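Counting from 1, position 601 in the sequence shown corresponds to residue 601 in UniProt numbering; the numbering is continuous, with no gaps. We put the CB at the ideal spot given by N, CA and C, even for glycine. Everything numeric in this text was worked out from a predicted model, so none of it was measured.
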Amino acid sequence: MTSVRPASAPASRRSSPPESRFRIATRRRLGRDWRLAALFLAPTAVLVGGLVLVPIAWSVVTSTTERHGQQSVFVGLANYLALADDDQFHTGVVNSFVFTAYAEVFKAVLGLAAALLLHHRRRGRAVLAGLLLLPWVVPTVVTAFSWRSLLDPIFGSVNLLLTESGIGPLLVDAHLVDSWPAGWLSEASLAMPSVIMVNVWKGVPFFTVAFLAGLKAIPTDLYEAATVDGASPWRRFVHVTLPGLRHVITVTVTLSSIWTFNNFDLIWLLTQGGPGDATAPYVLVAYSKAILQLQYGAGAAVTLVMLPVIGSLVFVLVRLLRRDSGVAPPRRSRKPRPDRSARATRTVRTALPWVVAVVAAALLAWASPHIFWKAAVVLGVFLLVAAVVGRVVSALGARGRRRASSLVSGLASWVALAGLLLFVLAPLYWIVVTAFKSDGQIVMHDRDLWPTPWSLQQFTDLFATKPFGRWYLNTVLVSVASTVVALVCAALAGYALARLRFRGAQGFTVTVLVTYVMPGALLFIPLYQLLIGVRLTDSLWSLVVTYPTFTLPFATWLLAGYFASIPVELEEAALVDGCTRFQAFLRVMLPLAKPGLLAVALFTLTNAWNEFLFAFVFITKDEYKTLPVGMQSMITGDVVPQGQLAAASLLVSIPVVIMYAFGQRFLTEGLTAGAVKG
């Protein structure tokens, strides 16, 4: 008996079923939770793969074809070779680079100035930050129409105010404008600077919020040590503030550059690329070739030629964000370098940003000389005033006149904040007062700054003459449906990436990051072809299906970080009590992740509410239009119903502002607790 029992145990192990050995090997190869991870990631993988990765691959195939009648013929690289002699394409590429470069410089400078002013403000900082955030919150269509009304050469208030104040003729004498009154959006020399200014107005709040968060993260001990060592405010700014914000600046500028370089809706709504092709970016060139001329291959070639530029920006951004998320691969240990080599490396790293800046400035001066010197004058005056004020404050402090120094510093800060608030709030105030004017007041410029009497004529005419109510309902339905889809898929995928152990989690996370920053310019042509093939164009379903392409990746990434911040012991306690993984996800993780879920819902809902490009391309019938596209269709030629557009803009903006006002706390908590840093 004793000789049999010991021998039976190893025999039973050797004769274990093949399924168990296969399961053990599969688990070792794919990870402990690979089955549940595959189930949780499947919806996101299907949507991201089917609506982002596959369309990009199909766009590559389309770029090698040419449309002849109802058929597409393979032409190889002919579409790419034709771009070498395409003047419209050359102009579009130059316009995109010029538009992006100037906009990013001014957004970074003004955003940093606003963040510094708010950071040193103890009282009222939250209120001021909320006011400065308004341009970023309001829909792009509202931004475009408000500035289009203000810059109108005949009915706009900008020319009127500049004329009455005497500033307009001075601009002509300084050769900043060619003639007066100025046609800000109708003259080729002024259209691009005007569009850049509007983009800066809308983008400064994003930079301000990002830089303000970065300033809060800089230890105060560094400033105290620099002050004890006798460093002036300028030296503290150069040697403490800028190094502390270096990573934040890099991430913010890179992400904003991707958005700006692929901007379509703002430029289209302001100028439609005119006058001529003065403001037409490469995205508008691709839209013209693919949608208007039905040459899908030529349009796809335009977007894919720009892919290396976008890819390089995406590569930089992904590396920075992976470093933030703690998933960057460990660096190999290197042998210590000799002193000369280390000094040379430091010298190269110090000189490289300056070399890049000089090269970029030279290229801008060559590509847009009429804009370069104007931008240099404006930026130079701004920096000169700041330097003079800083020098005066430092000089007074060095002489021991601290009271006078603080008085000058406080007065300069209030003046700068007042100017910034005037720049930010003036267009929004113009929308509000114009919405309550009568047609006679608008045409006659009677009491421009305060309607007398206040009238509801524009609101009644809007609903009586336009299907505005239908557009509003379409926007609500599409926004809510796409938000639900994105929220469910992102919650499942975010939990899998944060909690489950399986091979490929890091690669899936990187793929999600890459698809998030992929612009709509690369997707709208193949998606348009796909929707035509399945007969979903001119249908709200086309928007419900495609809107998650630009919200789901970010939502997944944010929730993955938020789930990772929840203590794992809470979930383990639920598992010990008998819950399955799915039950623990539903009963423990989701309730605890409520702030992150609300942040994702707010983000996806507002993005769907404001989206223009997909709705503009996929929808042509009035009964299916959303608010941004419907408002754009209210303009017929040169006839711009300013009062009705102002009323519509007010009604479009109110829900978004209310959502951000009530959900700002959840948005901030969701972002700070998640994977978004810097």
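Which of helix, strand or coil DSSP assigns to residue i
| i | result |
| --- | --- |
| S72 | strand |
| A328 | Low local confidence applies: a pLDDT of 43 at A328 is under 50, so the model's placement there is unreliable, and no value is given. |
| E66 | strand |
| T551 | coil |
| R334 | Any reading at R334 must be qualified, since the residue scores a pLDDT of 49, below 50, and its modelled position is unreliable; the value itself is stated next. It is coil, neither helix nor strand. |
| E187 | coil |
| V534 | coil |
| K107 | helix |
| T452 | coil |
| W557 | helix |
| F436 | coil |
| A661 | helix |
| G203 | helix |
| S59 | helix |
| T163 | helix |
| D152 | coil |
| K621 | coil |
| F264 | coil |
| F585 | helix |
| L292 | helix |
| R35 | helix |
| L527 | helix |
| S539 | coil |
| M306 | coil |
| P135 | helix |
| P181 | coil |
| H90 | helix |
| H247 | helix |
| T44 | helix |
| H175 | coil |
| R503 | coil |
| G273 | coil |
| A278 | coil |
| R121 | coil |
| T580 | coil |
| T626 | coil |
Integer Cβ distance of residue i from residue j, believed to fall under 8 Å
| i | j | result |
| --- | --- | --- |
| V309 | P628 | Actually they are not in contact, since the Cβ atoms of V309 and P628 sit about 27 Å apart, beyond 8 Å. |
| L559 | G494 | 3 Å |
| A191 | P275 | 6 Å |
| F211 | V240 | Not quite, the Cβ-Cβ distance comes to about 14 Å (not below 8 Å), so this is no contact. |
| R501 | R35 | No, R501 and R35 are not in contact; Cβ-Cβ is about 12 Å, not under 8 Å. |
| V195 | K107 | That pair is no contact at about 14 Å. |
| A486 | T551 | 5 Å |
| P451 | Q441 | 6 Å |
| V512 | P553 | 5 Å |
| A555 | L117 | At roughly 33 Å, the Cβ-Cβ gap does not stay under 8 Å, so A555 and L117 are not in contact. |
| Y624 | L540 | 6 Å |
Residues that DSSP places opposite residue i in a beta bridge
| i | result |
| --- | --- |
| V639 | T636 |
Span of the alpha helix (DSSP H), counted from its first residue to its last, around residue i
| i | result |
| --- | --- |
| A225 | 220-228 |
| Q457 | 457-465 |
| C489 | 468-499 |
| E572 | 568-576 |
| R125 | 125-132 |
| R235 | 233-236 |
| S394 | 369-398 |
| G49 | No alpha helix (DSSP H) holds G49; DSSP gives it neither H nor E. |
| W609 | 594-610 |
| L81 | 78-82 |
| V240 | Run containing V240: none; DSSP gives neither H nor E here. |
| L284 | 282-287 |
Distance cut-off 7 Å: residue i Cβ against heavy atoms of the ligand COA
| i | result |
| --- | --- |
| V248 | Looking at this structure, you won't find the ligand COA or any other ligand, since it has none at all. |
Margin query: Contact between the stretch 429-439 and the stretch 641-659 is defined here as three or more beta-carbon pairs at a separation below 8 Å; is this criterion met?
Written below: Yes, since at least three Cβ pairs between the stretch 429-439 and the stretch 641-659 fall closer than 8 Å, the two stretches touch.
Margin query: Taking contact to mean 3 or more Cβ pairs, one atom from each stretch, closer than 8 Å, check whether the stretch 202-212 and the stretch 129-145 are in contact.
Written below: Result yes; three or more Cβ-Cβ pairs closer than 8 Å.
Notebook entry, point to check: Is it a yes or a no for the stretch 458-472 touching the stretch 611-630, going by three-plus beta-carbon pairs under 8 Å?
Noted result: Because the criterion of three Cβ pairs below 8 Å is met, the stretch 458-472 and the stretch 611-630 touch.
Check: On the three-pair Cβ rule with 8 Å, is the stretch 532-550 touching the stretch 569-587?
Finding: With a cut-off of 8 Å, the stretch 569-587 and the stretch 532-550 do not count as touching, because too few Cβ pairs lie within range.
Check: Okay, do the stretch 398-405 and the stretch 162-175 touch, 3+ Cβ pairs below 8 Å being the bar?
Finding: These segments do not touch.
Item checked: At least three beta-carbon pairs within less than 8 Å, the stretch 543-560 to the stretch 593-610 -> Yes, since at least three Cβ pairs between the stretch 543-560 and the stretch 593-610 fall closer than 8 Å, the two stretches touch.
Note to self: Quick test of the definition: if touching needs 3 or more C-beta pairs under 8 Å, does the stretch 91-111 touch the stretch 366-384?
What the structure shows: Using a Cβ-Cβ distance cut-off of 8 Å, the stretch 91-111 and the stretch 366-384 are in contact, since at least three pairs of beta carbons, one from each stretch, lie closer than that value.
Check: Okay, do the stretch 64-76 and the stretch 290-301 touch, 3+ Cβ pairs below 8 Å being the bar?
Finding: With the cut-off at 8 Å, the stretch 64-76 and the stretch 290-301 touch.
Note to self: Under 8 Å, with one C-beta from each stretch per pair, do the stretch 471-486 and the stretch 601-620 reach the 3-pair mark?
What the structure shows: The stretch 471-486 vs the stretch 601-620: in contact.
Note to self: Would the stretch 69-89 count as touching the stretch 543-550 if we require 3 or more Cβ pairs under 8 Å?
What the structure shows: No contact exists between the stretch 69-89 and the stretch 543-550.
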